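S.K.: Handing you a structure now.
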DNA sequence: CATTACTGCTTAGGGCGTAAACAGTACATC
DNA sequence: GATGTACTGTTTACGCCCTAAGCAGTAATG
């Protein structure tokens, strides 16, 4: 279960990538990494990421918690794999031939869609640069959107970085707002948010805030409109476009 | 330690806001909420957010873990207050009179600066809309940047949302990259990242990715340049500007 | 058949958050 | 000043968590 010199990745990740042949000796395995990971996704979907524990996942499979450690070196490893599986669940994105701009926008939408289907993903902290299969496959697709453009490889990566992190953070914010509106699990339900802020601040010290409160912005019953998302994406794409224009005069 | 009908917030938050008078009865308190929160920040800075536990914070203050529960209802509450304190540490941002665009850019920089000084903040999950003092004070400053603009209150909030989430996500990404480059704590150090990806994918299936790998993009020794940050911010500001233009024809 | 590598399991240890019960303290009231 | 009362910090205890260690069973290898 430790690192394999070959790739530098944990063994479980190699299995997930399909690189690594099962040892031939001992008894047949009662489980598979994929089963375990999928069980984890099931638990996360049903009970939230907070309920994800080794014992909980094991219970889902009818085995003991320690059995999982024959497939995964630590809980953190398993978590990463679970997130990767959840991300991939949204269906595989395939680049079309609509030009980089429309394709890249589709790509951003695909990521948002994945978060919408599995919002719990957003609660799992990212430990570092992506190394899991679905994640990298998605990156590949994004890079392909930029194939015909005059950007340097480094610039392409910057574009990917900027775009995914925008999507992720927007998804995260909109998820929180939605939760606050359904008022389960949040400290302050959305329809009371304005009152709370008003109770704790003064119009003298917080004039700009009170202006917003007075306009009852927080009492609207709508979710964050997709328009805001598209708007931000479009602005970023504008920026990329300008960058390209400066490259291939 | 429960909710006070007055504000709808937990008692500890009310104390943090300065709204709530100490009960006059019992023995003098040996601690203060501020002390506790600051001790938490100290621990987080020194040993990371993972080391933050009730006992650890208590030890820092020379008391028992349970003593903290006289000031805070749960660990989650304390965490939020610790994050708020860490955010405020960056120094208070004050709006100047440089026009909304330059002021808003300064505002974004101030947030980034706060994350740079206390990167651990980025690892604490956000439980919902902000309700803590420094956070709201910072929001107030941001709203003031937009004071003279023709945006509606709702639009102003959207701008705030878009901008902060961009800053946060960019900070988060750049922090991860930096960590991966110093290669402590990360699964895959940055200078091996390209090799790892190459070992686990094929150029046939991942052509676009291999192009980036071949360009040795991941082996550069530089951190993400501030230029990329400014660039993204500028694009978003462009977008806001266009929105304003459409409002006050 | 004996060896060997691998399986899943049970047990146990240390850490966590926090509920409950307790002895001591300082103000409010008499 | 005595008493009651509300509040203090502490100790103890429970349940949950991750996971190291040791164990009996299994299937391929020699």
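Residue numbers (my numbering), protein chains in the order written: chain A, 191 to 439; chain B, 191 to 439. Where a beta carbon is used, it is the ideal one built from N, C-alpha and C, also for glycine. These numbers were taken from a predicted model, which means no experiment stands behind them.
(1) Can you give me the C-alpha to C-alpha distance between residue 345 of chain B and residue 402 of chain A, rounded to a whole angstrom?
(2) Can you check which of these residues, A:307, A:406, A:331, A:425, is closest to residue 231 of chain A by C-alpha distance?
(3) For residue 217 of chain B, which residues of its own chain have a beta-carbon under 8 angstroms away from its beta-carbon, when the five flanking residues on both sides are left out?
(4) Please classify residue 274 of chain A: is it buried, with 16 or more other beta-carbons within 10 angstroms of its beta-carbon, or exposed?
(5) What does residue 396 of chain B reach in chain A if we use C-beta pairs closer than 7 angstroms?
(6) Return yes when at least one heavy atom of the ligand SAH lies under 6 angstroms from the C-beta of residue 289 of chain A, else no.
(7) Check the C-beta distance from residue 251 of chain A over to residue 206 of chain A and give it rounded, since I have them as a contact under 8 angstroms.
(8) Using beta carbons (cut-off 7 angstroms, strictly below), is residue 426 of chain A in contact with chain B?
(9) Pick out the complete beta strand (DSSP E) segments inside the region 272–353 of chain A, 3 residues or longer, and give them in chain order.
(10) With H, G and I counted as helix, E and B as strand and the rest as coil, what does DSSP make of residue 435 of chain B?
(11) Run down chain B in chain order and give the residues with a C-beta less than 7 angstroms from the C-beta of residue 346 of chain A.
(12) As a quick exercise: from A:356, A:413, A:409, pick the residue whose alpha carbon is nearest that of residue 423 of chain A.
(13) Could you work out which residue in A:300, A:434, A:431, A:418 is closest to residue 430 of chain B when comparing CA atoms only?
(14) Kindly list the residues whose CB is nearer than 6 angstroms to the CB of residue 285 of chain A, restricted to its own chain and excluding five residues on each side of it in sequence; keep chain order.
(15) So residue 390 of chain A packs on residue 351 of chain B, CB below 8 angstroms; how close in whole Å?
(16) Using a 10 Å radius around the Cβ and a threshold of 16 neighbouring Cβ atoms, would you call residue 301 of chain A buried or exposed?
(17) Count the C-beta pairs between the region 313–325 of chain B and the region 258–272 of chain B that are closer than 8 angstroms, then say yes if the count reaches three, no if not.
(18) Shorter than 7 angstroms from the beta carbon of residue 298 of chain A to some beta carbon of chain B?
(19) Counting only the same chain and skipping the five closest in sequence on each side, list residues whose C-beta sits under 8 angstroms from that of residue 365 of chain B.
(20) Please state if the CB of residue 358 of chain A and the CB of residue 359 of chain B are separated by a distance shorter than 7 angstroms.
(21) So with Cβ pairs under 7 angstroms, would you call residue 305 of chain A a contact of chain B?
(22) Please classify residue 419 of chain A: does DSSP put it in a helix, a strand, or coil?
(23) Going by C-alpha to C-alpha distance, which of B:337, B:400, B:258, B:215 sits closest to residue 287 of chain B?
(24) Got a sec? Which residues, its chain only, sit under 7 angstroms from residue 278 of chain B by beta carbon, not counting five neighbours each side?
(25) Going along the chain, which residues of its own chain have a beta-carbon closer than 6 angstroms to the beta-carbon of residue 368 of chain B, five neighbours each way excluded?
(26) Would you decide whether residue 191 of chain A is buried or exposed? Buried here means 16 or more other CB atoms lie within 10 Å of its CB.
(27) Are the Cβ atoms of residue 384 of chain A and residue 408 of chain A separated by less than 7 angstroms?
(28) Expressed to the nearest angstrom, what Euclidean distance is found between the alpha-carbon atoms of residue 263 of chain A and residue 201 of chain A?
(29) For residue 314 of chain B, which residues in the same chain have their Cβ closer than 7 angstroms to its Cβ, ignoring the five residues on either side in sequence?
(30) Going by beta-carbon coordinates alone, are residue 353 of chain B and residue 298 of chain B separated by less than 7 angstroms?
(31) Counting along the chain, where does the alpha helix (DSSP H) carrying residue 399 of chain B start and finish?
(32) Buried or exposed, going by whether 16 or more other CB atoms sit within 10 Å of the CB of residue 212 of chain B?
(33) If you reduce the DSSP assignment to three classes, tell me which class residue 368 of chain A lands in.
(34) Step through the CB atoms of chain A and report whether any lies within less than 7 angstroms of the CB of residue 278 of chain B.
M.R.: In brief:
(1) Here the question's residue 345 of chain B lines up with position 155 in the second chain. Here the question's residue 402 of chain A lines up with position 212 in the first chain. Whole-angstrom Cα-Cα distance: 10 angstroms.
(2) As a first step, residue 231 of chain A must be located in the first chain, where it is residue number 41. Per the Cα distances, A:307.
(3) Reading the second chain from its first residue, position 27 is the one you call residue 217 of chain B. Short of 8 angstroms from the beta carbon of residue 217 of chain B, and not among the five residues preceding or following it, lies no beta carbon of its own chain.
(4) Against the first chain, residue 274 of chain A aligns to sequence position 84. Its Cβ being crowded by 16 or more others within 10 Å, residue 274 of chain A is buried.
(5) Sequence index remark: in the second chain, residue 396 of chain B carries index 206 (1-based). Going along chain A in sequence order, the residues near residue 396 of chain B (Cβ under 7 angstroms) are 330.
(6) Of the ligands one can find in the structure shown there are none, so the ligand SAH has no counterpart to examine.
(7) In the first chain, residue 251 of chain A corresponds to position 61, counting from 1. In the first chain, residue 206 of chain A corresponds to position 16, counting from 1. Going by Cβ atoms, the distance from residue 251 of chain A to residue 206 of chain A rounds to 17 angstroms, so no, they are not a contact pair.
(8) Working through the first chain from its first residue, we reach residue 426 of chain A at position 236. At least one chain B Cβ lies under 7 angstroms of residue 426 of chain A.
(9) Those beta strand (DSSP E) runs which fall completely within the region 272–353 of chain A and span 3+ residues do not exist here.
(10) Within the second chain, the letter at position 245 stands for residue 435 of chain B. Correct three-state label for residue 435 of chain B: helix.
(11) Walking along the first chain from the start, residue 346 of chain A turns up at place 156. For residue 346 of chain A, the chain B residues whose C-beta falls within less than 7 angstroms of its own C-beta are 402, listed in chain order.
(12) Residue 423 of chain A sits at position 233 when you count from the first residue of the first chain. Residue 423 of chain A has its Cα closest to that of A:356, out of A:356, A:413, A:409.
(13) Taking the first residue of the second chain as position 1, residue 430 of chain B is located at position 240. Of the listed residues, the one whose Cα sits closest to residue 430 of chain B is A:418.
(14) As a working mapping, residue 285 of chain A is identified with position 95 in the first chain. Cβ neighbours of residue 285 of chain A beyond the five flanking positions: 293, 331, 334, 335.
(15) Walking along the first chain from the start, residue 390 of chain A turns up at place 200. Walking along the second chain from the start, residue 351 of chain B turns up at place 161. With a Cβ gap of about 20 angstroms, residue 390 of chain A and residue 351 of chain B do not count as contacting.
(16) If you number the first chain from 1, residue 301 of chain A lands on position 111. That one is buried.
(17) Three or more beta-carbon pairs drawn from the region 313–325 of chain B and the region 258–272 of chain B are found closer than 8 angstroms, and the two stretches are therefore classed as touching.
(18) Position 108 of the first chain holds residue 298 of chain A. Using beta-carbon distances, residue 298 of chain A does not count as an interface residue toward chain B, since no partner is under 7 angstroms.
(19) Residue numbering aside, residue 365 of chain B sits at position 175 when the second chain is read from its first letter. Within the same chain, residue 365 of chain B has close Cβ partners 305, 309, 312.
(20) Counted from its first residue, the second chain places residue 359 of chain B at position 169. Counted from its first residue, the first chain places residue 358 of chain A at position 168. Taking 7 angstroms as the Cβ cut-off, residue 359 of chain B and residue 358 of chain A qualify as a contacting pair.
(21) Translated into positions along the first chain, residue 305 of chain A becomes position 115. No, no contact with chain B.
(22) Here residue 419 of chain A refers to the residue found at position 229 of the first chain. The answer is helix: DSSP assigns residue 419 of chain A an H, G or I state.
(23) Along the second chain, one-based indexing puts residue 287 of chain B at 97. Minimum Cα distance to residue 287 of chain B is reached at B:337.
(24) Along the second chain, one-based indexing puts residue 278 of chain B at 88. Sequence-distant partners of residue 278 of chain B (beyond 5 residues in either direction) whose C-beta falls short of 7 angstroms from its own C-beta, in its chain, are 324.
(25) Position 178 of the second chain, counted from the start, is the residue given in the question as residue 368 of chain B. Closer than 6 angstroms at the Cβ level, and outside the excluded window around residue 368 of chain B, lie 413.
(26) What you label residue 191 of chain A is simply residue 1 of the first chain in a count that begins at 1. Confidence in residue 191 of chain A is poor, its pLDDT being 47 and thus under 50, which makes the residue's placement too unreliable to answer from.
(27) Mapped onto the first chain, residue 384 of chain A falls at position 194. Mapped onto the first chain, residue 408 of chain A falls at position 218. Yes, they are a contact pair.
(28) The residue you call residue 263 of chain A lines up with position 73 of the first chain. The residue you call residue 201 of chain A lines up with position 11 of the first chain. When rounded, the distance between both Cα atoms is 8 angstroms.
(29) Position 124 of the second chain, counting from 1, holds the residue named residue 314 of chain B. Cβ within range, chain order: 239, 269, 273.
(30) Start at 1 with the first residue of the second chain, and residue 353 of chain B comes out as number 163. Start at 1 with the first residue of the second chain, and residue 298 of chain B comes out as number 108. The answer is yes: Cβ separation under 7 angstroms.
(31) Residue mapping note: residue 399 of chain B aligns to position 209 of the second chain, counting from 1. Residue 399 of chain B -> alpha helix (DSSP H) spans 397–404.
(32) Walking along the second chain from the start, residue 212 of chain B turns up at place 22. Burial is judged here by how many other beta carbons sit within 10 angstroms of a residue's own beta carbon; residue 212 of chain B has fewer than 16 and is exposed.
(33) Taking the first residue of the first chain as position 1, residue 368 of chain A is located at position 178. DSSP places residue 368 of chain A in helix when its eight states are reduced to three.
(34) The count along the second chain starts at 1 and reaches residue 278 of chain B at position 88. Not closer than 7 angstroms to any Cβ of chain A, the Cβ of residue 278 of chain B fails to qualify, so no.
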